[in-house]
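S.K.: Protein chains in written order, with the working numbering: chain A, 11 to 525; chain B, 28 to 521. Where is the CB? At the ideal position from N, CA and C, for every residue including glycine. Below is the structure I would like to discuss, written out as structure tokens.
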Amino acid sequence: MSFAAVHAPVIDYKALSPLMATVGGSVVVMLAGLIRARVVQRALVPLLTAASLLACFGLLIWVWEPGRQEPIISGALTVDTLALGLSALFLVAGLVTILLSFRAEAVREAGAGEYYTLLLGSISGMLVLAAASNLITLFVGIELLSIPLYVLCATELRRETSLEAGLKYLVIGSVGSATLLYGLALVYGATGQTDFGAIASAIGSDNGIGITDPLLLTGVALAATGLAFKASVAPFHQWTPDVYQGAPTPITTFMAVATKAAAFAIFLRLFDHALVDSQLDWGPALAALATTTIVIGNVGAIPQRSLKRMLAWSSVAQAGYMLAGVVVGTRLGVQATCLYLAVYLLMNVAAFAVVVARERASEHGDDLASIENLGQAQPWLAWPMTIAMLSLAGFPATAGFIGKFYLIDASVSGDYTWLGIVIVVGSVVSLVYYLRVIAVMWMGRYEVELPTLPTLPRRHVKPVGGWSPEGDARAHPEVTLVAVLAATATILFGLWPNPLFDAARDIGTSLASLF
Amino acid sequence: MTIHLSIVLFLPLAAALVGALLLPAPAMRWLVLAATVGVLAYVVVMLADFDSGSGGLQYVTDDEWISELGIRYQLGVDGLNLFLLALTAIAWVPCTLWSVFREHERPKLYFFMLALAETAVLGAFMAQDLALFVVFFDLMLVPFYFLIGGWGTGDRVRATTKFVIYTLAGSLLMLAAAVALGVLSTPEGGQISFSIAELTRRSTGTGTQEWIVLLFALAFFVKAPLFPLHGWIPETYRSTPLPVLALLSGVLSKVGVYGFLRIVLPTMPEGAQHWQELFIVVAVFSILYGSVLAFSQDNVRLVVAYSSIAQLGFITLGIFSFDDKGAQGAVIQMVNHGLVVVPLFLIIGVIAVRAKGSESLRELGGMAFRAPVLAALFLIVTLATLAMPGSPNFVGEILILFGTLEDKLVYGLVASAGVALAAVYMIRVYQRTMHNRVGPAVESRDLDRLDFVTIAPLVGVIVALGVYPQFVLHRSEDAVKDKVQVATRQSPGS
Numbered sequence: 011m012s013f014a015a016v017h018a019p020v021i022d023y024k025a026l027s028p029l030m031a032t033v034g035g036s037v038v039v040m041l042a043g044l045i046r047a048r049v050v051q052r053a054l055v056p057l058l059t060a061a062s063l064l065a066c067f068g069l070l071i072w073v074w075e076p077g078r079q080e081p082i083i084s085g086a087l088t089v090d091t092l093a094l095g096l097s098a099l100f101l102v103a104g105l106v107t108i109l110l111s112f113r114a115e116a117v118r119e120a121g122a123g124e125y126y127t128l129l130l131g132s133i134s135g136m137l138v139l140a141a142a143s144n145l146i147t148l149f150v151g152i153e154l155l156s157i158p159l160y161v162l163c164a165t166e167l168r169r170e171t172s173l174e175a176g177l178k179y180l181v182i183g184s185v186g187s188a189t190l191l192y193g194l195a196l197v198y199g200a201t202g203q204t205d206f207g208a209i210a211s212a213i214g215s216d217n218g219i220g221i222t223d224p225l226l227l228t229g230v231a232l233a234a235t236g237l238a239f240k241a242s243v244a245p246f247h248q249w250t251p252d253v254y255q256g257a258p259t260p261i262t263t264f265m266a267v268a269t270k271a272a273a274f275a276i277f278l279r280l281f282d283h284a285l286v287d288s289q290l291d292w293g294p295a296l297a298a299l300a301t302t303t304i305v306i307g308n309v310g311a312i313p314q315r316s317l318k319r320m321l322a323w324s325s326v327a328q329a330g331y332m333l334a335g336v337v338v339g340t341r342l343g344v345q346a347t348c349l350y351l352a353v354y355l356l357m358n359v360a361a362f363a364v365v366v367a368r369e370r371a372s373e374h375g376d377d378l379a380s381i382e383n384l385g386q387a388q389p390w391l392a393w394p395m396t397i398a399m400l401s402l403a404g405f406p407a408t409a410g411f412i413g414k415f416y417l418i419d420a421s422v423s424g425d426y427t428w429l430g431i432v433i434v435v436g437s438v439v440s441l442v443y444y445l446r447v448i449a450v451m452w453m454g455r456y457e458v459e460l461p462t463l464p465t466l467p468r469r470h471v472k473p474v475g476g477w478s479p480e481g482d483a484r485a486h487p488e489v490t491l492v493a494v495l496a497a498t499a500t501i502l503f504g505l506w507p508n509p510l511f512d513a514a515r516d517i518g519t520s521l522a523s524l525f
Numbered sequence: 028m029t030i031h032l033s034i035v036l037f038l039p040l041a042a043a044l045v046g047a048l049l050l051p052a053p054a055m056r057w058l059v060l061a062a063t064v065g066v067l068a069y070v071v072v073m074l075a076d077f078d079s080g081s082g083g084l085q086y087v088t089d090d091e092w093i094s095e096l097g098i099r100y101q102l103g104v105d106g107l108n109l110f111l112l113a114l115t116a117i118a119w120v121p122c123t124l125w126s127v128f129r130e131h132e133r134p135k136l137y138f139f140m141l142a143l144a145e146t147a148v149l150g151a152f153m154a155q156d157l158a159l160f161v162v163f164f165d166l167m168l169v170p171f172y173f174l175i176g177g178w179g180t181g182d183r184v185r186a187t188t189k190f191v192i193y194t195l196a197g198s199l200l201m202l203a204a205a206v207a208l209g210v211l212s213t214p215e216g217g218q219i220s221f222s223i224a225e226l227t228r229r230s231t232g233t234g235t236q237e238w239i240v241l242l243f244a245l246a247f248f249v250k251a252p253l254f255p256l257h258g259w260i261p262e263t264y265r266s267t268p269l270p271v272l273a274l275l276s277g278v279l280s281k282v283g284v285y286g287f288l289r290i291v292l293p294t295m296p297e298g299a300q301h302w303q304e305l306f307i308v309v310a311v312f313s314i315l316y317g318s319v320l321a322f323s324q325d326n327v328r329l330v331v332a333y334s335s336i337a338q339l340g341f342i343t344l345g346i347f348s349f350d351d352k353g354a355q356g357a358v359i360q361m362v363n364h365g366l367v368v369v370p371l372f373l374i375i376g377v378i379a380v381r382a383k384g385s386e387s388l389r390e391l392g393g394m395a396f397r398a399p400v401l402a403a404l405f406l407i408v409t410l411a412t413l414a415m416p417g418s419p420n421f422v423g424e425i426l427i428l429f430g431t432l433e434d435k436l437v438y439g440l441v442a443s444a445g446v447a448l449a450a451v452y453m454i455r456v457y458q459r460t461m462h463n464r465v466g467p468a469v470e471s472r473d474l475d476r477l478d479f480v481t482i483a484p485l486v487g488v489i490v491a492l493g494v495y496p497q498f499v500l501h502r503s504e505d506a507v508k509d510k511v512q513v514a515t516r517q518s519p520g521s
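Spelled out as structure tokens, the structure:
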């Protein structure tokens, strides 16, 4: 009797455990969602989802180990601090989304089980993506994160714009994925490798292929384009305002903060790990992309009346700032980008939570008019929004200032001083639309000189808390809580950012090839 | 005795936070007022305790803040900022007092912002770390954005947005310049540092210094403001509530020019020398342009606004004369200008009440007859503004001109014209409001007790400084010489 020798890959279950928590969680949540009882749908399913995310978070801290890590599962995943640090952001974004979705229309219409399973699926995709260390896992991760999101965008089944957003995202996202896949195939064709590490040594070695190799160059360019779609980097950003506006706002929040972080995770892995030796070649191209993004994002945000569209354009601009950290290809750059992603999460969550709260209570929807005089009516919403706007604009004593400071620091240290100045000029332009939000909330009756959208009918909203501002404020305690917590964290990290820097330093150690 | 600068710095903000969260609005404003008085008391103790013999920093606080970025929480006082801190402390008391006795919508927010503004301005003057300076410099804008937009008059939102965008455009460029200075001056393998003392020791290439200085100057010129970066002035001055405007014009405008002496001259001497000629031209232009426009304005606020441009031109001229006397004149003139502008704006407020809210020179007049005390106080302030011999401003301007005439004769002569022009526009304002025919809507009456208590002490300080300017000169001498010498030491051929 003889046995064939089977070499199954050695699986490091410890390193894999965070991913198993969310994947397992999604199965449990899907099964629980089959029970139609009201208490299960309303309470148990979100609770199970949150439990799965929290378990993942705990495991993530357990696994956390600074320094370079060996890939696991035959080189498919590298669970290092870069992956884990960004995974922490996905988890926070997921928890926030659960809280914001608690009373959302979308959950009721799509069914809690389906909604939360998709959410967990998408987060699992992000975890895979952040840890991906070869081209195959990269693509698996990106599809696993995108496909649930296409569906989630369309979960407000009775609203036309939600369906439109889902469809648009599906079409454009697929184009992006296809471009990416084509690019990855060409990179494989040029180097004969799928491993990031192997690609790096194929390019880096003396007799290896240079980036000027046409096959490789085309591959890298196409892959960058595909990723730019996901990260909404201009000129591949056109879907962003429409999809952000159309999707249910909790999902928009999730997309704005988590998808962006996931896309940047892979930007960092691909450019600052696999291709880092040819930074001199791709650096200027990405820098040009960053500049375009900053300009287009900031200019595009100026004429927006819809808060969600404005935040969408602003997220385009912010992607441009973060790209600066990728461009320089240094450890400082990686750290600055990761730190800014964390800061970006906090301030956007605060802003989107306020939009969620107002959207449910105001007949103006997410129009600027919905937050008019909010300072007097609901200071607990107005302050978080104010802090978020000041932080996005980069005022000191907020985390946004620290983030921008670090990015400029990284740009100047990496010989891209001019990119630092572009960031600054972009911030100046951004004041126009960020300050307008604050003015509308605090400075009394003030007419915004923007055309009202003709197609925007007054929304019919169900009375919340008896139609009074005080009642509205009481109606969504969990949304207000999210806004207040995120804003408080924005201020605290603005005054005492050292914990963020400690985490960033740990993350910086994971990519050993950087100096 | 030990003086903790952090206490002075955060006293107003702490009082405002406690008041806003725990107290009802009427009690809160008294708490904020008490905090400003507390700051003043502390600063007076500091003035008495200050060791004028040592040129270095005193009462230094130096702690780690963000070690990763090399930013330290570093505060200190020397002869350069001692009197600017005093000016801040003095100016905030009457302006807060003025506000306490008037009704505001949303009083809590108003007083919170007023206190936050004081902390930010004190911080900018105390900071001995470049990044910390930038933090406070930008932070100042937040309270003023709210104060102008929330309680201003006219097209206030437009005015405040314009103000913030103008000034933040300058200061964000300064942020980039500051980061660049920190990074580029770091020696190979060294630790990045933003400490001004450390940056003074380190050196950067001349070419680098040149563009960095230019970005700093942009920020400071907008803040001051100097010609041609004064575009935000008319709308902002028209819309800002008067006590806030007194602070904006009297104190905030000094932060920029102070930055030249504190940061630019010591850390980038070669860059400063490179642009000396240009900055002097800008200063002289500002003097002439401001004076001429001040003469042609109808709105009283704008007369003072444009006269400020001229005065800040004088101060900049003194700094860039690179002369001990000129720079000392600049320092004392910063204090003087603040001291006269604050009562000027408060008096404008008093006058406007008596003219049914009008601030147009055409509709004012004849107030002195029934208001002798008001007229007397106004006269003293007017004479001080136009630098009458015997006033502290005379000392300041004469020192600046002496400093300039030594090396830059032509510019000095042109600038002297500004002194004469100041007499013209200030006397015009005084005549048109206090004398002349009684205006159509004017119902003159003398200062009531509260306004007197608010304004008279300020006038007292002006008179005292006029009598004994050595009080300032003596204490600031060493520090100022120190800064100027750094800049001139390496100058080729001197």
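Can isoleucine 427 of chain B and phenylalanine 341 of chain B be called in contact, C-beta distance under 8 Å?
M.R.: Along the second sequence, read from residue 1 onward, the residue named residue 427 of chain B stands at position 400. Along the second sequence, read from residue 1 onward, the residue named residue 341 of chain B stands at position 314. Yes, the pair counts as a contact, with Cβ atoms nearer than the cut-off.
S.K.: In three-state DSSP terms, what is isoleucine 219 of chain A?
M.R.: Taking the first residue of the first sequence as position 1, residue 219 of chain A is located at position 209. Residue state, collapsed to three classes: coil.
S.K.: Please list, in chain order, all residues of the same chain as tyrosine 179 of chain A whose beta carbon is under 6 Å from its beta carbon, the five residues on each side excluded.
M.R.: Within the first sequence, residue 179 of chain A is the residue found at index 169, counting from 1. Excluding residues within five positions, the ones whose Cβ falls inside 6 Å are Tyr160, Cys163 and Val253.
S.K.: Secondary structure at glutamate 132 of chain B, three-state DSSP: helix, strand or coil?
M.R.: In the second sequence, the residue the question calls residue 132 of chain B occupies position 105. Correct three-state label for glutamate 132 of chain B: coil.
S.K.: Assuming alanine 522 of chain B and valine 434 of chain A are in contact, meaning their beta carbons sit under 8 Å apart, how far apart are those beta carbons, in whole angstroms?
M.R.: As shown, chain B starts at 28 and ends at 521. That puts residue 522 of chain B outside it, with no answer to give.
S.K.: Is serine 323 of chain B buried or exposed, if buried means 16 or more other CB atoms sit within 10 Å of its CB?
M.R.: Locating residue 323 of chain B in the second sequence gives position 296, counting from the first residue. It is exposed - the Cβ of serine 323 of chain B has fewer than 16 other Cβ atoms within 10 Å.
S.K.: Could you compute how far the alpha carbon of phenylalanine 479 of chain B sits from the alpha carbon of proline 399 of chain B?
M.R.: Position 452 of the second sequence, counted from the start, is the residue given in the question as residue 479 of chain B. Position 372 of the second sequence, counted from the start, is the residue given in the question as residue 399 of chain B. Rounded to the nearest angstrom, the gap between the Cα atoms of phenylalanine 479 of chain B and proline 399 of chain B is 12 Å.
S.K.: What are the residues in the region 409 to 430 of chain A lying within 9 Å of chain B by C-beta distance?
M.R.: Phe411, Ile412, Lys414, Phe415, Tyr416, Ile418, Asp419, Ser421, Val422, Ser423, Thr427 and Gly430
S.K.: Between isoleucine 221 of chain A and tryptophan 292 of chain A, which are expected to be in contact by the criterion C-beta below 8 Å, what is the C-beta distance as a whole number of angstroms?
M.R.: If you number the first sequence from 1, residue 221 of chain A lands on position 211. If you number the first sequence from 1, residue 292 of chain A lands on position 282. With a Cβ gap of about 7 Å, isoleucine 221 of chain A and tryptophan 292 of chain A count as contacting.
S.K.: Look at the Cβ atom of leucine 194 of chain A, then the Cβ atom of alanine 233 of chain A, and state whether they are nearer than 8 Å.
M.R.: For this step, residue 194 of chain A is matched to residue 184 along the first sequence. For this step, residue 233 of chain A is matched to residue 223 along the first sequence. Yes, the Cβ-Cβ distance between leucine 194 of chain A and alanine 233 of chain A is below 8 Å.
S.K.: Just how far apart, CA to CA, sit serine 521 of chain B and tryptophan 302 of chain B?
M.R.: By one-based count along the second sequence, residue 521 of chain B stands at place 494. By one-based count along the second sequence, residue 302 of chain B stands at place 275. Any reading at serine 521 of chain B is ruled out, since the residue's pLDDT is 37, under 50, leaving its predicted position unreliable.
S.K.: Using the three-state DSSP reduction, which class does asparagine 308 of chain A fall into: helix, strand or coil?
M.R.: The residue you call residue 308 of chain A lines up with position 298 of the first sequence. Reduced to three states, the DSSP call for asparagine 308 of chain A is helix.
S.K.: At a cut-off of 7 Å, would you count isoleucine 346 of chain B as near the ligand GDP, judging by its Cβ distance to the nearest heavy atom?
M.R.: Inclusion of the ligand GDP in the displayed structure is not the case, the ligand content being empty and no account of it being possible.
S.K.: Does the separation of the CB atoms of proline 39 of chain B and threonine 146 of chain B fall below 8 Å?
M.R.: Residue 39 of chain B sits at position 12 when you count from the first residue of the second sequence. Residue 146 of chain B sits at position 119 when you count from the first residue of the second sequence. Yes, they are a contact pair.
S.K.: Going residue by residue through the region 143 to 183 of chain A, where are the continuous alpha helix (DSSP H) segments of at least 4 residues, counting only ones entirely within it?
M.R.: 145 to 163
S.K.: Label tyrosine 126 of chain A either buried or exposed according to how many other C-beta atoms from any shown protein chain fall within 10 Å of its C-beta, with 16 as the threshold for buried.
M.R.: Counted from its first residue, the first sequence places residue 126 of chain A at position 116. Only buried fits tyrosine 126 of chain A, as 16 or more other CB atoms lie within 10 angstroms of its CB.
S.K.: Which stretch, first to last residue, makes up the alpha helix (DSSP H) that contains glutamine 458 of chain B?
M.R.: On the second sequence, residue 458 of chain B is found 431 positions in, with the first residue counted as 1. Run containing glutamine 458 of chain B: 436 to 461, per the alpha helix (DSSP H) assignment.
S.K.: Within the same chain, show all residues whose beta-carbon is closer than 6 Å to that of phenylalanine 173 of chain B, passing over the 5 residues directly before and after it, in chain order.
M.R.: Translated into the one-based positions of the second sequence, residue 173 of chain B becomes position 146. Answer for phenylalanine 173 of chain B: Met140, listed in chain order.
S.K.: Do leucine 102 of chain B and leucine 32 of chain B count as a contact pair if the criterion is CB distance below 8 Å?
M.R.: Your numbering for residue 32 of chain B matches position 5 in the second sequence. Your numbering for residue 102 of chain B matches position 75 in the second sequence. Yes, they are a contact pair.
S.K.: Can you tell me whether leucine 87 of chain A is helix, strand or coil according to DSSP?
M.R.: To locate residue 87 of chain A, count along the first sequence from 1; it is residue 77. When DSSP states are grouped into helix, strand and coil, leucine 87 of chain A belongs to the strand group.
S.K.: What's the gap between the Cα of glutamine 203 of chain A and the Cα of leucine 237 of chain A?
M.R.: The residue you call residue 203 of chain A lines up with position 193 of the first sequence. The residue you call residue 237 of chain A lines up with position 227 of the first sequence. Roughly 20 Å separates the two Cα atoms.
S.K.: Could you please give me the residues that DSSP links to isoleucine 448 of chain A through a beta bridge?
M.R.: Taking the first sequence and counting its residues from 1, the one referred to as residue 448 of chain A is at position 438. In the DSSP output, where bridge partners are listed per residue, isoleucine 448 of chain A has none listed.
S.K.: I need the DSSP call for threonine 408 of chain A, collapsed to helix, strand or coil.
M.R.: As a position in the first sequence, residue 408 of chain A is number 398, starting the count at 1. In the structure shown, threonine 408 of chain A sits in coil (DSSP, three-state: anything other than H, G, I, E or B).
S.K.: Helix, strand or coil for tyrosine 100 of chain B, going by three-state DSSP, please let me know.
M.R.: Numbered from 1 along the second sequence, position 73 holds the residue referred to as residue 100 of chain B. Three-state result, tyrosine 100 of chain B: strand.
S.K.: Considering only their Cβ atoms, is the gap separating aspartate 434 of chain B from serine 348 of chain B smaller than 8 Å?
M.R.: Here the question's residue 348 of chain B lines up with position 321 in the second sequence. Here the question's residue 434 of chain B lines up with position 407 in the second sequence. Result yes, Cβ atoms of serine 348 of chain B and aspartate 434 of chain B sit closer than 8 Å.
S.K.: Using DSSP with H/G/I as helix, E/B as strand and the rest coil, what is proline 519 of chain B?
M.R.: Locating residue 519 of chain B in the second sequence gives position 492, where the first residue counts as 1. Summary for proline 519 of chain B: the model assigns pLDDT 44, below 50, so the residue's position carries little reliability; its value from the coordinates is reported in the next sentence. Correct three-state label for proline 519 of chain B: coil.
S.K.: Check for me: the beta strand (DSSP E) holding valine 87 of chain B runs from which residue to which?
M.R.: Position 60 of the second sequence, counted from the start, is the residue given in the question as residue 87 of chain B. Unbroken beta strand (DSSP E) run through valine 87 of chain B: 85 to 93.
S.K.: Who are the neighbours of glutamine 386 of chain A on chain C, taking C-beta pairs under 8 Å?
M.R.: Judged by its chain identifiers, the structure shown contains no chain C, and its protein chains are A and B.
S.K.: Residues of chain A with a CB under 8 Å from the CB of arginine 183 of chain B: which are they?
M.R.: Position 156 of the second sequence, counted from the first residue, corresponds to residue 183 of chain B. Within chain A, the residues near arginine 183 of chain B are Met453.
S.K.: Going along the chain, which residues of the region 189 to 206 of chain B sit with their C-beta nearer than 7 Å to a C-beta in chain A?
M.R.: Going along the region 189 to 206 of chain B in chain order, one finds Val191, Ile192, Leu195, Ala196, Leu199, Leu200, Leu202, Ala203 and Val206 with a Cβ nearer than 7 Å to chain A.
S.K.: Among B/Val120, B/Asp509, B/Gly177 and B/Ser280, which residue has its Cα nearest to the Cα of glutamate 132 of chain B?
M.R.: Here residue 132 of chain B refers to the residue found at position 105 of the second sequence. Checking every option, the nearest Cα to that of glutamate 132 of chain B belongs to B/Gly177.
S.K.: 8 Å is my cut-off, CB to CB: does aspartate 78 of chain B come that close to chain A?
M.R.: Taking the second sequence and counting its residues from 1, one reaches residue 78 of chain B at position 51. Closer than 8 Å: no.
S.K.: Determine, using beta carbons only, whether leucine 391 of chain A comes closer than 8 Å to chain B.
M.R.: Position 381 of the first sequence, counted from the start, is the residue given in the question as residue 391 of chain A. Cβ-Cβ to chain B under 8 Å: no for leucine 391 of chain A.
S.K.: Can you look up asparagine 383 of chain A in the DSSP assignment and give me helix, strand or coil?
M.R.: Translated into the one-based positions of the first sequence, residue 383 of chain A becomes position 373. DSSP places asparagine 383 of chain A in coil when its eight states are reduced to three.
S.K.: On a Cα-Cα basis, can you pick out the residue from A/Arg515, A/Met395 and A/Ser421 that is closest to valine 489 of chain A?
M.R.: To locate residue 489 of chain A, count along the first sequence from 1; it is residue 479. When each option's Cα is compared against that of valine 489 of chain A, the closest is A/Met395.
S.K.: At what residues does the alpha helix (DSSP H) containing methionine 201 of chain B begin and finish?
M.R.: Here residue 201 of chain B is taken as the residue at index 174 of the second sequence, counted from 1. From DSSP, the alpha helix (DSSP H) with methionine 201 of chain B extends over 183 to 211.
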